[in-house]
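The structure under discussion appears below in the form of structure tokens.
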Amino acid sequence: DTGVSQDPRHKITKRGQNVTFRCDPISEHNRLYWYRQTLGQGPEFLTYFQNEAQLEKSRLLSDRFSAERPKGSFSTLEIQRTEQGDSAMYLCASSLASMNTEAFFGQGTRLTVV
Amino acid sequence: GENVEQHPSTLSVQEGDSAVIKCTYSDSASNYFPWYKQELGKGPQLIIDIRSNVGEKKDQRIAVTLNKTAKHFSLHITETQPEDSAVYFCAARRPGNQFYFGTGTSLTVIP
């Protein structure tokens, strides 16, 4: 499979716990995006990387959220001290950095905080 | 930043009829406009896109039109089929920037 891969697909955690999600982009893609989607809404931007550099972070990304892409390939998104409001689908997408290229999404990680 | 509005939020059509979803954007520097289809529990799937140097693009039963002056673009699905039922999202992007998404249209095709 050469698409964007996300792991795990589902995660249930207790409030206050830390969680980490992984995204493996399409292999030749140097840009990687994280989005969050709640029920009935469109994806909301969280952050994106070009290679290993984190170029932009949304105001939605509180101090409890951190993302890394250490070698410019896969990326991780960590949420510390999870809250019920963090329950959402976390989507990863990748693209080439050249102008106006398509972005392809993974299947997402569904997080439920109980 | 960019603001993308999408209408309608829900749309029901009879099988075989056409469906039209409309989006407007605010940032005149946006120049790339993709459309995504999302089925329940899955990630968005790119179905068609249009760049600002083109006014219309068609791919089989799906077409997208762009009016740069009015800053709006539309998705047209002809001869709808039950498998077209899903949530559709429009998006807009400035060069080298993130994507901004509309709030989605839930399309139901009634057999």
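These protein sequence lines map, in sequence, to chains A and B.
My numbering numbers the first residue of the first sequence as 10 and each following residue consecutively.
My numbering numbers the first residue of the second sequence as 83 and each following residue consecutively.
A virtual CB, placed ideally from N, CA and C, is assigned to each residue, including glycine.
Please go through the same chain and pick out, in chain order, the residues whose beta-carbon is closer than 6 Å to the beta-carbon of residue i, but skip the five residues on each side of it.
i	result
Leu-157 (chain B)	Ile-103, Trp-117 and Val-146
Arg-27 (chain A)	Checking the sequence, you will find Asn at residue 27 (chain A) rather than Arg. If we look at Asn-27 (chain A) and ignore the five residues flanking it on each side, its Cβ neighbours are Gln-89.
Note the first and the last residue of the continuous beta strand (DSSP E) segment covering residue i.
i	result
Phe-58 (chain A)	53-59
His-89 (chain B)	86-89
Lys-104 (chain B)	101-107
Thr-22 (chain A)	19-22
Ile-159 (chain B)	154-159
Glu-37 (chain A)	It is not in any beta strand (DSSP E) - Glu-37 (chain A) carries neither H nor E in the DSSP assignment.
Val-146 (chain B)	144-149
Which residue from the options puts its Cα closest to that of residue i?
i	options	result
Cys-105 (chain B)	B:Thr-92, B:Tyr-114 and B:Gln-88	B:Gln-88
Glu-53 (chain A)	A:Lys-66, A:Asn-60, A:Gln-59 and A:Glu-61	A:Lys-66
Ser-134 (chain B)	B:Pro-177, B:Leu-128 and B:Gln-120	B:Pro-177
Thr-85 (chain A)	A:Gly-12, A:Pro-17 and A:Thr-11	A:Pro-17
Ser-104 (chain A)	A:Ile-35, A:Gln-50 and A:Thr-47	A:Ile-35
Thr-11 (chain A)	A:Gln-46, A:Glu-37, A:Thr-118 and A:Gln-50	A:Glu-37
Gln-180 (chain B)	A:Lys-23, A:Leu-48, A:Gly-49 and A:Leu-64	A:Leu-64
Just to confirm my understanding: we take residue i, look at its own chain, exclude 5 residues before and 5 after, and list those with CB closer than 7 Å. What are they?
i	result
Glu-97 (chain B)	Thr-162, Gln-163, Pro-164, Val-191, Ile-192 and Pro-193
Ser-112 (chain B)	Glu-84, Ala-174, Arg-175 and Arg-176
Gly-25 (chain A)	Arg-90 and Thr-91
Since I believe residue j is in contact with residue i (beta carbons under 8 Å), could you give me their beta-carbon distance rounded to a whole number of angstroms?
i	j	result
Ser-91 (chain B)	Ser-188 (chain B)	7 Å
Gly-94 (chain A)	Gln-15 (chain A)	In fact, because the Cβ distance is near 21 Å, the residues do not count as touching under 8 Å.
Gly-81 (chain A)	Glu-111 (chain A)	No, Gly-81 (chain A) and Glu-111 (chain A) are not in contact; Cβ-Cβ is about 20 Å, not under 8 Å.
Glu-87 (chain A)	Ser-75 (chain A)	5 Å
Asp-33 (chain A)	Phe-113 (chain A)	Actually they do not touch by this definition, with Cβ atoms about 12 Å apart.
Ala-106 (chain A)	Gln-59 (chain A)	5 Å
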